Amino acid sequence: MDWAVRLLKSSIGAKVLMAVTGVILSGFVVGHMAGNMLIFAGPEALNDYAFGLKNTPLLLWGTRLTLLAAVTVHVLTAFKLYMGNNDARPVKYAYNGKKKATTIQSSTMIISGAMLLAFIVYHLLHFTLGVVDSGNYAEQHIWRTTADGEQIVNVYFMVVKGFSNPLISGSYIIAMVLLGSHLSHGISSLFQSLGANNTRLRPHLQKIGYAVATIVTLGNISMPLAVLTNILKLPAGA
Ligand code: HEM
């Protein structure tokens, strides 16, 4: 037990925690994007999917609690690593002739991470709790009633109405670019933290990071863009 506590307190342990929680969060983001793409199949497909998720309490609450734990550990550990880096070296090294390769994505991880956290709060207030843009909240717009008398709420209406406001779409598009930047560096470095740290592998891991980040970013941006360009619209009479 003692070794586990010592590992968690060490900076290697902290990096492993970042990597494990990063895998969980990236997995959610990929799955969430894939599910949301059902919007392109129309209101029935998206609303049935959302209804299915809400009616599987074990999956819903299992996912919610896992995400809450993963986000909390990821954010607190990032903060600890960031403070540790700054405390350990209050005066910056003089340039020693051999700088570690950094990219814009890697040097802005803490900023893109903090902005993503703000986006997640805003997103929950918007689509999950209906505090932002409350008039279009899905729970107030019923799509249809099932044979058992259960109401299927209109998530399609909420998303399309929400994204038809350019300010809302714009804020999602900016957040998705930040997400792409965070994921592209995060995914390639999490492999290294989990031990896949040899120079031959590194370029391939970087490519995996870029590929996942590009797919998630383009997939997510396609939804607000499709609404703004009228590719996605409300059914007549809605
Ligand atoms: C254009 C991109 C996105 C769209 C259209 C979208 C859509 C939605 C919708 C409709 C819901 C509510 C589902 C319901 O109550 O039935 C939701 C919930 C949620 N979204 Fe997103 N989302 C997007 C991006 C993201 C991203 C990038 C993240 C994370 C970084 C995220 C995290 C969440 C979380 C944590 C929930 C709450 C799930 C729950 O109720 O337990 N979403 N999203």
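Here the working numbering is used: position 218 in the sequence shown is 202, and no number is missing along the way.
Here a beta-carbon is modelled for each residue, glycine too, at the ideal position from N, C-alpha and C.
If you're wondering where the values come from, they're calculated on a predicted model, not measured in any experiment.
- Selection G146, M207, F103 evaluated against N120 yields G146 as nearest (Cα-Cα).
- Spatial neighbours of Y194 in its own chain (CB-CB distance under 7 Å, excluding positions within 5 residues in sequence) are listed in chain order as S168.
- Put simply, of V13, G11, M160 the residue whose alpha carbon is nearest the alpha carbon of M99 is M160.
- F111 has its alpha-carbon roughly 15 Å from the corresponding atom of I136.
- Less than 8 Å divides the Cβ of A62 from the Cβ of M2.
- V137 carries a strand assignment under DSSP once its states are collapsed to helix, strand and coil.
- Judged by DSSP secondary structure, R128 falls within the beta strand (DSSP E) whose first and last residues are 126 to 129.
- Taking every protein chain shown into account, the CB of A220 has fewer than 16 other CB atoms within 10 angstroms, so this residue is exposed.
- Assigned with DSSP and collapsed to three states, G164 falls in helix.
- With distances taken between CA atoms, N20 lies nearest to M142 out of L(-8), W(-13), L113, M142.
- In the DSSP assignment, E28 falls within the unbroken alpha helix (DSSP H) covering 27 to 38.
- One alpha carbon belongs to F12, the other to G(-3), and they sit about 23 Å apart.
- One thing to note: H166 has its Cβ no nearer than 8 Å to the Cβ of S91.
- Looking at the backbone, the Cα of K(-1) and that of L(-8) are separated by about 9 Å.
- Following the DSSP letters along the chain, one finds N20 inside the alpha helix (DSSP H) bounded by residues -5 to 20.
- Between the alpha carbons of L49 and P41 lies a distance of about 12 Å.
- Here T198 really is in contact with G164; their C-beta atoms are around 7 Å apart, less than 8 Å.
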